[in-house]
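For the sequence shown, this note's numbering assigns the number 366 to the initial residue and increments by one for each residue that follows.
By construction, the Cβ of each residue, glycine as well, lies at the ideal position given by its N, Cα and C atoms.
First the structure, in the form of structure tokens, and then the observations on it.
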Amino acid sequence: MHLVYSDTMDFKWATIVLIRAFAHSNGWVRLWALEKLVAIQPGTMAASYDYFLTVISNQLNSNEPFWRLVYRGSLSAFLDSLRSQIVGILSLLDNSDRETFLRRIFLTITEMSSPSSMFFISHSSMEIPTFPCLHMDDISLVIMLLQKARHIQNTTLRLATLFNFVVFFSKIVKSSREVANKIGYMTAFFSREDQSLFNRFVNMKSSQVILQSAFEPLDVVQFALQNRVDFEKDDFAALLWIRANLTGKKDEMKAVIEKVLADRLAEETNGSIEELSCSVIEAVDTLLTILFAYKEELLPVFYGLAELIQRYILFRCTTASSSKPQPSRVHSVYVGIWKRLELSLKSIVDLCLSLISEEKEITVERHCFLLQISYDAFAHLSHDELDDVIPCLVRYLGENPLLPLEHSKSVVIPRDKDANKLSAVIHEYRLKFVIKLLPNVLRMDPKQILMDCADQLAYASSYPVAQCYLDILQMLIDEVPCSTTLLAVVKAAIVFTKEQKKSHHFLPTLRSLLRLCFSKSVMNEQSVASVFMEYAFDLLTVAQLNTSVALYLSEALSKAENANLLSRNGRLWFFLSLSLDQYQERKIKFSMQLMR
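In structure tokens form, the structure reads like this:
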């Protein structure tokens with residue numbers, strides 16, 4: 366490179382050495398070439414940035430170089446050199462070339478698929494000086510990238526990666542009304558799991574520039590009504606009020622919502638709620654969802670509208686359409702609006718439970734909708750209201766509340782896939798009610814409950830149903846000292862965890878298993894603990910390759926040791942440290958630093 370810097374030799378001859386190094390079978394040689402590449406002076410690389418980005422795309426789209434850098438303790442220095450290289454190249458290019466280079470960086474990032482590369486590259490992109498160069502059409506590429514990053518197993522790394530990518534995009538996209546209307550779909554990738562990241566995003570200057578773009582309350586409301594926004598996968602409603610606040614149009618926004626909502630509920634139907642068409646119902650549900658996202662008190666809405674909303678929600682509970690499933694979040698919206706209008710939720714619970722129990726023919730869709738509303742409202746009832754509602758709820762759950770409900774009286778519309786999904790949701794919410802009522806209300810034999818849950822775990826119709834069974838097992842595991850029952854429970858939980866090994870549900874399932882098996886009753890039974898030990902040793906192979914698994918194991922062991930649960934079998938405490946080599950231990954320490 367000294368010859369290149371002194372203009373004695375062309376850079377293309379130096380690339381031959383790098384090309385041979387990158388083709389080497391030894392990973393340390395390839396890493397050496399990468400470190401040499403990012404250390405080259407930006408003035409030299411600016412004329413060959415296509416080559417630079419091609420190498421970055423090919424060599425960094427893998428976990429291997431990053432963990433080799435972690436092992437050597439030089440990851441931070443490498444990332445700093447990479448950032449300095451990119452910043453230096455940007456500073457040396459003219460405006461048109463800078464835009465082309467920045468767009469090439471974006472396209473290179475969208476090609477990443479390795480979890481480690483996506484995280485570290487997204488982290489580095491946060492410190493790159495940017496300017497708007499992308500357009501609305503590039504959103505599809507960002508969404509594809511976010512969908513790949515969504516499969517990162519480690520929660521902390523996944524959320525950080527998703528957040529970093531969305532922030533980077535917001536910095537390099539040209540602001541427009543269309544982008545502002547679509548940005549909520551991207552923030553929903555991380556906001557559902559960490560609301561603080563959403564708050565951080567909307568407070569960033571680059572985000573606010575987009576959110577304030579061409580905001581007119583009536584226009585955005587019409588956009589929501591015409592495009593049928595999926596609020597389950599979109600932060601459109603929450604961002605709408607943030608946009609209104611940033612532009613000083615919050616009161617105007619609220620007035621527009623109230624007027625359009627009143628028009629849909631009253632004018633188009635001449636005041637008769639019972640005559641609402643499907644299109645009006647969809648529009649009203651959209652408007653109520655937007656109104657529900659309004660964080661201040663709702664009571665200032667004029668009395669006539671509050672009365673119409675109350676009548677509409679009762680109408681929807683009474684005659685909700687059975688021809689298709691209801692929007693996924695609408696039950697939470699109804700309950701939330703009802704509560705914020707300071708109306709008693711007991712009437713809704715009574716109505717829903719009575720409709721489920723008394724209707725001779727109730728579809729799966731309708732049953733699911735009413736049960737979800739009942740569950741959401743149940744959490745807000747007072748003690749006196751609970752005393753009145755619980756007997757009805759216990760009667761609804763029946764003698765075998767842990768088992769799937771047989772829809773003998775339901776008219777299952779010939780849409781088997783949808784019907785099966787909704788049946789699983791019904792089963793999930795019935796089990797959630799069981800969890801709320803155990804053990805004080807549903808005075809069932811703990812031993813029998815454990816056996817029923819262990820038996821049903823293998824046949825769970827969906828993962829949320831299985832998670833409910835695991836939660837019930839954790840609640841009651843210490844109440845049954847019977848070794849036979851404990852052995853059946855632990856074996857069932859281990860089998861289910863093995864089945865989830867290739868699923869994105871594996872880590873939460875593993876965490877539930879560890880909590881279950883490191884309970885006092887299991888650890889006190891030598892025969893039961895030994896069964897778990899056999900599987901724990903099998904997990905070590907997975908832990909060598911999966912840092913998250915190693916972290917969960919070490920965390921569970923640490924808690925068990927602090928609770929004095931390992932005294933009868935001390936070798937449990939040592940199996941992790943004896944089996945993980947120094948390389949893996951450094952990975953764990955580094956990941957724990959990232960999580961902090």
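Option in the options with minimal Cα separation from residue i
i      : options                           : result
Tyr917 : Ala928, Leu904 and Leu815         : Leu904
Arg731 : Thr684, Asn391 and Tyr740         : Thr684
Tyr761 : Leu796, Ala789 and Asp810         : Leu796
Pro829 : Val845, His869, Ala620 and Ala853 : His869
Leu527 : Val586, Met509 and Ser540         : Met509
Leu822 : Phe798, Leu611, Val799 and Val860 : Val860
Asp503 : Lys619, Tyr740, Met551 and Ala901 : Met551
Leu630 : Ser644, Pro811 and Lys614         : Ser644
Thr473 : Asn423, Trp432, Arg463 and Ala658 : Asn423
Ser449 : Glu464, Trp432, Glu400 and Val729 : Glu400
Ile421 : Arg469, Ser561, Thr862 and Thr912 : Arg469
Asp459 : Phe484, Ala411 and Leu418         : Ala411
Lys614 : Asn592, Phe566, Leu522 and Asp584 : Asp584
Whether residue i touches residue j by CB criterion (8 Å)
i      : j      : result
Leu767 : Asp817 : yes
Leu787 : Cys733 : yes
Phe533 : Ser478 : no
Ser390 : Ser427 : no
Ser446 : Ala398 : no
Val700 : Tyr677 : no
Pro480 : Ile537 : no
Tyr414 : Phe466 : yes
Ile517 : Val452 : no
Ala825 : Leu838 : no
His696 : Ile646 : no
Leu706 : Ile721 : no
Leu511 : Phe580 : no
Phe443 : Leu455 : no
Pro430 : Leu402 : no
Pro407 : Leu440 : no
Val806 : Val845 : no
Thr651 : Leu576 : no
Neighbourhood of residue i by C-beta distance below 7 Å, restricted to the same chain and skipping five residues each side
i      : result
Phe588 : Asn546
Gly549 : Asp599, Asp600, Phe601 and Leu604
Leu930 : Phe883, Lys885 and Met888
Asp843 : Ser884, Lys885 and Ser886
Leu710 : Val700, Trp703, Lys704, Ala742, His745 and Leu746
Glu750 : Lys711
Asp836 : Ile800
Lys619 : Tyr659
Pro690 : Because the pLDDT of Pro690 is 48, which lies under 50, any placement of that residue in the model is unreliable, and the number read from its coordinates should be weighed accordingly. The residues are Glu730, Asp783 and Leu787.
Where the alpha helix (DSSP H) through residue i begins and ends
i      : result
Gln560 : Gln560 to Val567
Pro811 : Pro811 to Leu822
Val806 : Premise fails: Val806 is in no alpha helix (DSSP H) and is neither H nor E.
Ile451 : Leu440 to Leu457
Leu930 : No alpha helix (DSSP H) holds Leu930; DSSP gives it neither H nor E.
Cys498 : Run containing Cys498: none; DSSP gives neither H nor E here.
Asn529 : Thr520 to Ile537
Gly392 : Gly392 to Ala404
Lys598 : Lys598 -> no alpha helix (DSSP H), and no H or E assigned at all.
Arg557 : Element bounds for Arg557: n/a, residue is neither H nor E.
Phe743 : Val729 to Phe743
Gly701 : Val695 to Arg705
Gln909 : Gln891 to Leu910
Ile493 : Taken as a continuous stretch (DSSP letters only), Ile493 belongs to no alpha helix (DSSP H), as it is neither H nor E.
Own chain, CB closer than 6 Å to residue i, minus 5 neighbours either side, in chain order
i      : result
Asp559 : Leu524
Ala627 : Leu670
Lys513 : Ser478
Tyr659 : Trp606
Phe657 : Val698, Gly701 and Ile702
CB-CB length for residue i against residue j, believed under 8 Å
i      : j      : result
Leu425 : Ile486 : 7 Å
Ser535 : Ser578 : No, Ser535 and Ser578 are not in contact; Cβ-Cβ is about 11 Å, not under 8 Å.
Lys856 : Val896 : 6 Å
Leu841 : Pro811 : 5 Å
Ala853 : Ala819 : 5 Å
Glu793 : Cys833 : 6 Å
Val544 : Pro582 : Contact doesn't hold; Cβ gap of about 18 Å is too wide.
Val914 : Ala921 : Going by Cβ atoms, the distance from Val914 to Ala921 rounds to 11 Å, so no, they are not a contact pair.
Leu881 : Thr850 : No, Leu881 and Thr850 are not in contact; Cβ-Cβ is about 13 Å, not under 8 Å.
Check: residue i C-beta below 7 Å from any heavy atom of the ligand PLP
i      : result
Leu527 : No copy of the ligand PLP appears in this structure; indeed no ligand is present at all.
Same chain, Cβ closer than 8 Å to residue i, neighbours up to 5 away in sequence not counted
i      : result
Val754 : Lys711, Val714, Asp715, Leu718, Phe743 and Leu746
Ile381 : none
Ser569 : Looking at the sequence shown, residue 569 is not Ser but Met. Excluding residues within five positions, the ones whose Cβ falls inside 8 Å are Val532 and Ser535.
CB contact below 8 Å: residue i versus chain B
i      : result
Glu400 : Of the protein chains in the structure, only one exists, and it is not chain B.
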